[in-house]
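The structure appears below as structure tokens.
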Ligand SMILES: Nc1nc2c(ncn2[C@@H]2O[C@H](COP(=O)(O)OP(=O)(O)OP(=O)(O)O)[C@@H](O)[C@H]2O)c(=O)[nH]1
Ligand SMILES: [Mg+2]
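Numbering (my numbering), first residue to last: 4 to 335.
Encoded structure:
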């Protein structure tokens with residue numbers, strides 16, 4: 004199952020205690036203090052990794068704890084610092100403090116690190132307390148506790164292109180034709196239940212990430228049909244490709260369906276309504292497609308692109324059109 008939200012507790016390691024000891028060696032009377040410092044506790048770090056696609060690997064474990072630093076030893080030996088606990092998360096993960104509901108970090112770049120809980124400093128050994136007036140201190144301090152935090156991780160996928168449309172519009176079929184992603188395709192609505200990403204190669208030098216977002220229905224902006232979850236992902240897509248099927252099985256009107264989705268997008272987030280959009284009439288191997296395209300021209304004054312994932316017609320043009328918008332040719 005695709006998991007895009009988890010709540011976990013992160014606990015950084017405690018610093019090792021400082022050591023109180025005195026040098027004891029044959030023929031060295033009153034060897035003086037020689038207790039070393041404790042080592043630093045391990046940090047808990049989130050690292051964005053492009054090869055990870057969901058948060059499922061974090062869902063089964065509620066508490067993530069880094070190791071404690073080692074205690075200081077006699078003979079001026081400092082304790083070793085603990086290794087950091089590095090938790091890999093997908094690129095696009097947002098880290099929230101659960102108790103205060105504040106965004107701590109948005110991990111939008113591959114390889115980006117965020118220290119979410121700092122390990123405690125090691126305590127001081129008694130060697131450090133030696134002064135001219137106190138040559139035999141017995142004081143050593145304990146290691147500091149590591150930070151602990153309740154965290155909510157939320158994944159907002161980053162795709163340059165988001166496929167939107169009503170259920171059954173042909174979104175998954177298109178993604179599977181253009182990329183190596185293999186989302187499930189079926190003739191019933193809501194086949195796709197979680198977003199799916201695919202890399203579309205335009206030519207050897209250019210590619211873009213396309214997201215197949217589960218079908219939206221009327222009322223999505225109020226959460227109907229998991230609308231909020233899906234719309235949240237659309238928010239991050241650079242441009243929208245709005246697919247409209249020419250003859251829906253449920254007998255609804257294609258132009259009206261387009262209007263419904265537009266209104267859902269705008270009502271969810273006004274900015275989303277202004278996002279650049281390519282309107283595409285799908286399934287043009289079906290005879291009704293031409294009439295529907297004509298209605299878009301007349302009723303909405305918009306020139307839709309026409310594709311058929313079944314025959315492959317129009318797919319090349321669509322990919323180039325998207326690439327052109329993403330990387331407009333530079334004029335010298
Ligand atoms: N004739 C024809 N059928 C198509 C074409 N593209 C998709 N279909 C069919 O339309 C149905 C729905 O396709 P999907 O790709 O699953 O649609 P979707 O938009 O992902 O649907 P949801 O995941 O339910 O939102 C399937 O039966 C496909 O085989 C096309 O170009 N021509
Ligand atoms: Mg689908």
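In this text, a Cβ means the ideal position worked out from N, Cα and C, and glycines have one as well.
The structure presented is a predicted model; accordingly, all values stated were derived computationally and were not measured.
- Using CA coordinates, which residue listed in 323, 92, 236 is at the minimum distance from residue 47? 92
- Message: Can you look up residue 55 in the DSSP assignment and give me helix, strand or coil?
- Response: coil
- Got a sec? Which residues, its chain only, sit under 6 Å from residue 153 by beta carbon, not counting five neighbours each side? 12, 101, 102
- Item | Best match in 220, 175, 184 for proximity to residue 169 [C-alpha to C-alpha] | 220
- Using a threshold of 8 Å, state whether the C-beta atoms of residue 3 and residue 183 are closer than that. The requested residue 3 does not occur in the structure, where the chain is confined to residues 4 to 335.
- Query: What residues in its chain sit with their C-beta under 6 Å from that of residue 176, if we drop five residues either side in the sequence?
  - Reply: 188, 312
- residue 108, enclosing beta strand (DSSP E) - first and last residue: 105-110
- Task: On a CA-only basis, which of 293, 59, 199 is nearest residue 218? Give me that one, please.
- Result: 199
- Task: Out of 234, 310, 296, state which residue places its alpha-carbon closest to the alpha-carbon of residue 273.
- Result: 234
- Is the closest heavy atom of ligand 1 to the C-beta of residue 286 under 7 Å? yes
- Task: With a threshold of 7 Å, establish whether the CB of residue 260 neighbours any heavy atom of ligand 1.
- Result: no
- Task: Please list, in chain order, all residues with a C-beta atom less than 7 Å from at least one heavy atom of ligand 2.
- Result: 174, 175, 186, 187, 188, 194, 195, 215, 217, 218
- Out of 84, 140, 127, 138, which has the shortest C-alpha to C-alpha gap to residue 15? 84
- Message: At a threshold of 7 Å, does residue 289 count as lining ligand 1 (C-beta to nearest heavy atom)?
- Response: yes
- Does the segment 103-123 come close enough to the segment 28-36 to have 3 or more Cβ pairs within less than 8 Å? no
- Given residue 285 as reference, the closest of 132, 251, 270 once Cα atoms are compared: 251
- Message: Which same chain residues end up closer than 6 Å to residue 17 when comparing Cβ atoms and leaving out the 5 residues on each side of it in sequence?
- Response: 44, 71, 123, 146, 148, 149
- Message: Assuming the contact rule is C-beta atoms closer than 8 Å, residue 278 and residue 325 should be a hit. Round their C-beta distance to whole Å, please.
- Response: At roughly 13 Å, the Cβ-Cβ gap does not stay under 8 Å, so residue 278 and residue 325 are not in contact.
- Query: Given 8 Å as the limit, is there contact between the segment 73-80 and the segment 124-131, that is, 3 or more CB pairs closer than that?
  - Reply: yes
- Message: Let's see if you can read the secondary structure: which residues bound the beta strand (DSSP E) around residue 8?
- Response: 8-14
- Task: Would you list the residues sitting across from residue 90 in a DSSP beta bridge?
- Result: 49
- Message: Let me confirm a value: residue 143 is counted as buried when at least 16 other C-beta atoms fall within 10 Å, else exposed. Which label applies?
- Response: buried
- Distance CB(residue 53)-CB(residue 113) smaller than 8 Å: yes
- Cβ of residue 56 within 7 Å of any heavy atom in ligand 1? no
- Message: By alpha-carbon positions, which one of 158, 50, 98 ends up nearest to residue 59?
- Response: 158
- What are the complete beta strand (DSSP E) segments, minimum 3 residues, inside the segment 93-181? 96-100, 105-110, 116-120, 151-158, 164-168
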